[in-house]
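One structure is given below, encoded as structure tokens.
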Amino acid sequence: MNSGRTFIVILGLIAGLLILGQLVLGQLILSGRVNLIKAHQHSGYTAVMISLVYIILSLRVLTKKN
522 MNSGRTFIVI LGLIAGLLIL GQLVLGQLIL SGRVNLIKAH QHSGYTAVMI
572 SLVYIILSLR VLTKKN
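For the sequence shown, our numbering begins at 522 and goes up steadily by one.
This is the structure in structure tokens:
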């Protein structure tokens, strides 16, 4: 596996962990921890950006001709 694909795999893992973090924060907020709303908002922005970069890079790799 070359370094570009390794980077994409690591980025995908980070994106997945950020999405799971959003789920956990959302559940904590629903259970009454309203002080986490801002953290949920800011980490949501980060999760979206990392996920979009991961999707774009993955599509570039998949459509790249060998």
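Cβ atoms here follow ideal geometry from the backbone N, Cα and C, with glycine treated the same way.
Coil, strand or helix - residue i by DSSP
{"i": "glycine 553", "result": "coil"}
{"i": "lysine 559", "result": "helix"}
Classification of residue i by the beta-carbon crowding that lies within 10 angstroms, buried from 16 upward
{"i": "tyrosine 566", "result": "exposed"}
Neighbourhood of residue i by C-beta, 6 angstroms cutoff - its chain only, sequence neighbours within 5 removed
{"i": "arginine 574", "result": "Just to set this straight, residue 574 is valine in the shown sequence, not arginine. So no residue of the chain qualifies."}
{"i": "alanine 536", "result": "Ile571, Ser572, Tyr575"}
Residues near residue i by beta carbon distance below 8 angstroms, same chain, minus five either side
{"i": "leucine 539", "result": "Ser564, Thr567, Ala568, Ile571, Ser572"}
{"i": "glycine 547", "result": "His561"}
{"i": "serine 579", "result": "Ile529, Gly533"}
Cβ-Cβ separation, residue j to residue i (assumed contact under 8 angstroms), whole Å
{"i": "leucine 549", "j": "leucine 541", "result": "With 8 angstroms as the limit, leucine 549 and leucine 541 do not qualify as a contact, their Cβ atoms being about 13 angstroms apart."}
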